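Novice:
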Amino acid sequence: MNAGVPVMELRSVTKTYHALGSRVTAVKGVSLQVGAGEVVGIVGESGSGKSTLARIMLGLEPVDSGEVLLVGRAVGVKRTREQRRQVQIVFQDPRSSLNPRMSMLASVEDFAVVHRLGDRAERRRRAVQALESVHLSETMAARRPPELSGGQLQRACLARALVTEPSLLVADEPTSSLDVSIQGQILNLLDELRSRVSMVLISHDMAVIRFISDRVHVMLGGEIVESGPTAQIMEHAQHEYTRRLIRASLLQPIDA
Ligand SMILES: Nc1ncnc2c1ncn2[C@@H]1O[C@H](COP(=O)(O)OP(=O)(O)OP(=O)(O)O)[C@@H](O)[C@H]1O
Ligand SMILES: [Mg+2]
12 MNAGVPVMEL
22 RSVTKTYHAL
32 GSRVTAVKGV
42 SLQVGAGEVV
52 GIVGESGSGK
62 STLARIMLGL
72 EPVDSGEVLL
82 VGRAVGVKRT
92 REQRRQVQIV
102 FQDPRSSLNP
112 RMSMLASVED
122 FAVVHRLGDR
132 AERRRRAVQA
142 LESVHLSETM
152 AARRPPELSG
162 GQLQRACLAR
172 ALVTEPSLLV
182 ADEPTSSLDV
192 SIQGQILNLL
202 DELRSRVSMV
212 LISHDMAVIR
222 FISDRVHVML
232 GGEIVESGPT
242 AQIMEHAQHE
252 YTRRLIRASL
262 LQPIDA
């Protein structure tokens, strides 16, 4: 990979939805970069456009204007297999993201098949390695979703994303469906994985964002209203909205 070239770059990206005669501009003129090895946080209240931004980065949603660059190349919704492999996502609810009839190992291996990675032996090797990297034991990996906790399932979803060896992992509210006691475990795991993959961490909760993000973008009504290094934002937030998000996050800190 080119050193210095951002893994993901958005240049003045705008997206408007037209539904039932009404128009919602979910994302308005958003520009951001995710550098190699960086964890970039996106924080904002419900409806501020965070998931729309995630879908744009994944190539699941076309933009109306602006540019999306993946490792320096302009991309749209039509991506090559290699480009699809490079950007992976984990969602809020791991239970609805996994096939209830498949073991964790089978789900992770199956994803390697989808992305046509190597032969059968190679896919098994990669799947076992991915499950190890999220600390799911062989015993756990042999189980199906009904036999696992939310935290274990979210780790399996992470393993499934990582089996493709992506350049960018977008985590959209990855801890929101989990018990507070488990949230810290998942965030610590993401912190461990940062040496392997760049990340965009999306949350409505500044406590989650500040846990591992190097930089933060604050979204309101589809726009980025404030950006900066996490420590700087935490101490010197300029926008009253950001200060409100920070105050709310202090009420329920996350245990490491
Ligand atoms: N497919 C769609 N069709 C029409 N409007 C949509 C669609 N998806 C999102 N929107 C609207 O776009 C805006 C941004 O939605 P988005 O899901 O990106 O917000 P969010 O920040 O992820 O919110 P949350 O924290 O609740 O997940 C909202 O007003 C939403 O209603
Ligand atoms: Mg969302």
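Be aware that the sequence shown starts at 12, since it is given in my numbering, and climbs by one per residue.
Just so it is clear, CB atoms sit at the ideal spot from N, CA and C, and this is done for glycine as well.
Fair warning: this is a prediction, and the values are worked out from it, not measured in the lab.
Suppose contacts are defined by Cβ-Cβ distances below 8 angstroms. Is ILE220 in contact with SER214 by that definition?
Specialist: Translated into positions along the sequence shown, residue 220 becomes position 209. Translated into positions along the sequence shown, residue 214 becomes position 203. Yes.
Novice: With three or more beta-carbon pairs closer than 8 angstroms as the criterion, would you say the region 151–158 touches the region 178–198?
Specialist: Cβ pair count under 8 angstroms is below three, so no.
Novice: Taking ARG271 as the reference, which of ALA123, VAL145, HIS146 and THR25 has the closest Cα?
Specialist: Nothing can be reported for residue 271: it is not among the residues displayed for the chain, which extend from 12 to 267.
Novice: Do GLY161 and LEU281 have their beta-carbon atoms positioned less than 8 angstroms apart in this structure?
Specialist: Absent from the structure is residue 281, since the part of the chain shown begins at 12 and ends at 267.
Novice: For SER57, which residues of its own chain have a beta-carbon under 7 angstroms away from its beta-carbon, when the five flanking residues on both sides are left out?
Specialist: Here residue 57 corresponds to residue number 46 of the sequence shown, with the count starting at 1. These residues qualify, in order along the chain: HIS215.
Novice: Considering only the alpha carbon of each residue, which of ALA242, ASP225 and GLY195 lies closest to SER206?
Specialist: Within the sequence shown, the letter at position 195 stands for residue 206. Cα-wise, what sits closest to SER206 is ASP225.
Novice: Could you say if the region 111–119 and the region 162–171 meet the contact criterion of at least three C-beta pairs nearer than 8 angstroms?
Specialist: In short, these stretches touch, since the Cβ pair count reaches three.
Novice: Is ASP5 near ligand 2, judged by its Cβ being under 7 angstroms from some heavy atom?
Specialist: Here the chain comprises residues numbered 12 to 267, so residue 5 is not present and cannot be evaluated.
Novice: Excluding the 5 residues preceding and the 5 following MET12 in the sequence, name in chain order all residues of the same chain whose CB lies nearer than 6 angstroms to its CB.
Specialist: Numbered from 1 along the sequence shown, position 1 holds the residue referred to as residue 12. Only weak support exists for where MET12 lies, its pLDDT of 48 falling under 50; the value from the coordinates is given anyway. Cβ neighbours of MET12 beyond the five flanking positions: none.
Novice: MET12 by DSSP, collapsed to three states: which one?
Specialist: Taking the sequence shown and counting its residues from 1, the one referred to as residue 12 is at position 1. Bear in mind that the predicted position of MET12 carries a pLDDT of just 48, short of 50, making it unreliable; the figure below should be weighed with that in mind. Correct three-state label for MET12: coil.
Novice: With a 10 Å radius around its C-beta and 16 neighbouring C-beta atoms as the bar for buried, classify VAL191 as buried or exposed.
Specialist: The residue given as residue 191 occupies position 180 in the sequence shown. By the neighbour-count rule (16 or more Cβ atoms within 10 Å), VAL191 is not buried but exposed.
Novice: Closer than 7 angstroms by C-beta to ALA138: which residues in its own chain qualify, once you throw out the five before and the five after it? Chain order, please.
Specialist: The residue given as residue 138 occupies position 127 in the sequence shown. For ALA138, where only same-chain residues beyond five positions count, the Cβ hits under 7 angstroms are LEU116, VAL119, GLU120, ALA123 and VAL174.
Novice: Ligand 2 and LYS61: does the residue's C-beta get closer than 7 angstroms to at least one heavy atom of that ligand?
Specialist: On the sequence shown, position 50 is the one that residue 61 refers to. Yes; taking the cut-off as 7 angstroms, the Cβ of LYS61 has a heavy atom of ligand 2 nearer than that.
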